[in-house]
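Have a look at the structure below before the remarks.
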Amino acid sequence: MRKGTPLLWIVLLAAIVLSCSTPPRDQANQQSIQSVTPRPAKPVIVILIDSLMDEPLRKAMQQGRAPALKHLYDNGRYFPQMVSSFPTMSVTIDSTFLTGTYTDQHHVPGLVWYSDKEKRMIFYGNGPKEALKINQPQVVMDAVYHLNQVQLNKRTKTIHEELAEQGKQSASINAIVFRGKTNHILRVPPVAKGTSLPEHIKVTGPSLLSYAAFAQLDPKNNRNAQVWKKYGLNNTFTAQDLAFLIRDKKLPALTIAYFPENDMTVHKKGPAEEAGIIKADQALQEVLNTYGSWDQAVKQAVWIVMGDSGQTTVLDDRQEAKIDLRPLLQPYRIAKLSEPVSKEDQVVIMPNERMAYIYAIDSNVALPALVKQLQQEDKLDIIARKAGQDILVTAGNTTQTFSYRPGGKYIDEYGQTWHLTGNPELLDLDLKSKRIQYGKYPDVLARLYGAMHSHEGRYVVITVKPGYELVGESSPTHIGGAAHGSLHEKDSLVPLLVSGTDTRPKTLRIVDLRDWLLQLTR
Numbered sequence: 164m165r166k167g168t169p170l171l172w173i174v175l176l177a178a179i180v181l182s183c184s185t186p187p188r189d190q191a192n193q194q195s196i197q198s199v200t201p202r203p204a205k206p207v208i209v210i211l212i213d214s215l216m217d218e219p220l221r222k223a224m225q226q227g228r229a230p231a232l233k234h235l236y237d238n239g240r241y242f243p244q245m246v247s248s249f250p251t252m253s254v255t256i257d258s259t260f261l262t263g264t265y266t267d268q269h270h271v272p273g274l275v276w277y278s279d280k281e282k283r284m285i286f287y288g289n290g291p292k293e294a295l296k297i298n299q300p301q302v303v304m305d306a307v308y309h310l311n312q313v314q315l316n317k318r319t320k321t322i323h324e325e326l327a328e329q330g331k332q333s334a335s336i337n338a339i340v341f342r343g344k345t346n347h348i349l350r351v352p353p354v355a356k357g358t359s360l361p362e363h364i365k366v367t368g369p370s371l372l373s374y375a376a377f378a379q380l381d382p383k384n385n386r387n388a389q390v391w392k393k394y395g396l397n398n399t400f401t402a403q404d405l406a407f408l409i410r411d412k413k414l415p416a417l418t419i420a421y422f423p424e425n426d427m428t429v430h431k432k433g434p435a436e437e438a439g440i441i442k443a444d445q446a447l448q449e450v451l452n453t454y455g456s457w458d459q460a461v462k463q464a465v466w467i468v469m470g471d472s473g474q475t476t477v478l479d480d481r482q483e484a485k486i487d488l489r490p491l492l493q494p495y496r497i498a499k500l501s502e503p504v505s506k507e508d509q510v511v512i513m514p515n516e517r518m519a520y521i522y523a524i525d526s527n528v529a530l531p532a533l534v535k536q537l538q539q540e541d542k543l544d545i546i547a548r549k550a551g552q553d554i555l556v557t558a559g560n561t562t563q564t565f566s567y568r569p570g571g572k573y574i575d576e577y578g579q580t581w582h583l584t585g586n587p588e589l590l591d592l593d594l595k596s597k598r599i600q601y602g603k604y605p606d607v608l609a610r611l612y613g614a615m616h617s618h619e620g621r622y623v624v625i626t627v628k629p630g631y632e633l634v635g636e637s638s639p640t641h642i643g644g645a646a647h648g649s650l651h652e653k654d655s656l657v658p659l660l661v662s663g664t665d666t667r668p669k670t671l672r673i674v675d676l677r678d679w680l681l682q683l684t685r
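Those letters in the sequence shown? Residues 164 to 685, by the working numbering.
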């Protein structure tokens, strides 16, 4: 960020960092709303509550502090353990949710990663310390434009694109990933004036697109997109635009509404914290009230409430909890955040809280040598690299290895087949009669394989044990709070609450929700 950047602009970027953003309603959005007609079948409404977890949700409902969620629970079905994507970071999970694929197909590797094609680090937003060292207008363009229009694989259709091809409409409210087939013009907030950002950003999205300060459906909702309300990255903004569609009878076949605030609360106070769930429930109450009664809400729509990732407690000890990767990778020259990646750099470190990509950008740096140095840290529970067609796995403070690839005689609980060699305990696999049972790393073979094939370049994937998080230069930390990103079940299992249908997805994995939602809209 160049010297003299206004504080207000930093605040806007910080808001985008925490969830990502869209503009006051433009003419294209106005026309889209007017063209929506009521459907004879029940509309499907997905409420995605960031970092929603089973235990605090159950507790909040039992204590009467989440009555709206309890009403849906009492009038539906509840699945406490649905498997997320990997890395367990919102942009990757949302890409999996919308496309029904893992990272090897949708190509969004994480919140931060390195593009070998563009020879640069890519940030969709991260901590405030990093914000002072990187090109913030570029971060905004990556988060708002490139993520959806360029980096999300165009060969994998989103559910919005699929519905458009079927002649059906859909809506996205405050969701980070939203690509569709309808043209929209996002207006960049005036605070960005004087930066390299354009005044308008052209994107394709669903029929109805709402995205914080960049775009609203309800013309009165700009009051919830002010600077002191995180420019619209809040539950109230989402609830008001959703209520607007319900009240005006303009709900499309599918609406995806994102409630972002719980994530920040859990990061600060830990995974047992209920305050963020209570706030989300209050926003949901306003939405259900739009129907006149909550019973009518359940009768008139299919309601799906879900989390995206869990979070794991981070030790309340700064020296102990932070695993700094830079000393482990000496004497390699590590690329710095504040400078463009140069030919002299040998290694790029891109931490996603409890996982990280470690790139060997110098051809003289061998991946086995990187792995050997990383093994010095015994708190690393998974260290993985490509070895020909196989994924080779090891861990900190061990010489044991495990390798696997798709196809073979072993079959897992999701019907996926694998060729396995080495010590399966490294991934906590239980093998009996050629059957694979997953332990503390749910669906680890497919999820890790996806990350290992998610983008170009030579890299190692690492994750860290519960209680710890990985850091590089100026990485955000959550000491005494919680973090996510890894393959561990604490980061990976989220609840799913369904009301208004007797059906369920093929498996309890986020990757299988897309096809189920398409069935519900038929």
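For every residue, glycine included, the Cβ atom is placed at its ideal position computed from N, Cα and C.
- Ranked by how close their Cα comes to the Cα of Arg489, the residues Glu218, Asp479, Val511, Ile322 have Val511 in first place.
- Short of 7 Å from the beta carbon of Glu507, and not among the five residues preceding or following it, lie these beta carbons of its own chain, in chain order: Arg496.
- If you look at Glu576, you'll find it isn't in any beta strand (DSSP E); DSSP assigns it neither H nor E.
- Counting C-beta atoms within 10 angstroms of its own C-beta, Asn560 has fewer than 16 neighbours from the protein chains shown and is therefore classed as exposed.
- For Glu632, the three-state secondary structure derived from DSSP is strand.
- Around the C-beta of Ala529, fewer than 16 other C-beta atoms lie within 10 Å, and the residue is accordingly described as exposed.
- Gln299 sits in a helix when the DSSP states are folded into three classes.
- By a beta-carbon distance limit of 8 Å, Thr259 does not contact Ile545. Their separation comes to about 19 Å.
- About 5 Å separates the Cβ atoms of Val627 and Arg517, confirming a contact at the 8 Å cut-off.
- Its chain contains Glu424, Asn425, Thr428, Val429 as the residues whose beta carbon lies nearer than 7 Å to that of Gly439, once the 5 sequence neighbours on both sides are disregarded; these appear in chain order.
- For Ile256, the closest C-alpha among the options Asp675, Gly330, Ala645, Asn387 is that of Asp675.
- Of the other Cβ atoms in all chains shown, fewer than 16 fall within 10 Å of the Cβ of Leu594; this residue is therefore exposed.
- Distances from the alpha-carbon of Leu315 to those of Ser472, Ser501, Tyr265, Trp457 put Tyr265 closest.
- For Tyr612, the enclosing alpha helix (DSSP H) stretches over residues 607 to 615.
- For Glu324, the number of other beta carbons within 10 angstroms of its own is at least 16, and it is reported as buried.
- Taken through DSSP and simplified to helix, strand or coil, Met304 comes out as helix.
- Excluding the 5 residues flanking it on each side, Arg677 has same chain C-beta neighbours closer than 6 Å at Gly263, Ile322, in chain order.
- The beta-carbon separation of Gln474 and His647, rounded to 5 Å, stays under the 8 Å limit for a contact.
- Here DSSP, grouped into helix, strand and coil, assigns Ile336 to strand.
- Inter-residue distance for Gly273 and Lys499 is about 19 Å (C-alpha atoms, whole angstroms).
- Around the C-beta of Asn515, 16 or more other C-beta atoms lie within 10 Å, and the residue is accordingly described as buried.
- In the three-state reduction of the DSSP assignment, Arg568 falls in the strand class, which pools E and B.
- In this structure the stretch 476 to 483 touches the stretch 638 to 647; the number of beta carbon pairs closer than 8 Å is three or more.
- With distances taken between CA atoms, Ala609 lies nearest to Leu590 out of Met284, Leu590, Lys597, Val623.
- Using a Cβ distance threshold of 8 Å, Tyr612 and Asp217 do not count as a contacting pair.
- Sixteen is the threshold: when 16 or more other Cβ atoms of the shown chains lie within 10 Å of the Cβ of Arg342, as they do, the residue is buried.
- In the assembly as shown, Arg598 is an exposed residue. Its beta-carbon has fewer than 16 other beta-carbons within 10 Å.
- Taken atom to atom, the span from the alpha-carbon of Lys320 to that of Tyr601 is near 29 Å.
- Minimum Cα-Cα distance from Ile524 among the listed residues Gln538, Ser505, Pro531 corresponds to Ser505.
- For Asn452, the enclosing alpha helix (DSSP H) starts and ends at 438 to 452.
- Contact between Glu449 and Ala223 is ruled out by a C-beta separation of about 17 Å, above the 8 Å threshold.
- Secondary structure in the stretch 231 to 297: the beta strand (DSSP E) runs of 3 residues or longer, each lying completely within the stretch, are 239 to 246, 275 to 278, 283 to 286 in chain order.
- Taking 8 Å as the upper bound for CB-CB distance, Asp471 and Ser649 are not in contact here, some 14 Å apart.
- For the options Ile441, Gly551, Ala231, the alpha carbon positioned closest to that of Tyr454 is the one of Ala231.
- Ala306 and Ile554 have their C-alpha atoms spaced approximately 30 Å apart.
- Beta-bridge partners assigned by DSSP to Tyr622: Tyr522.
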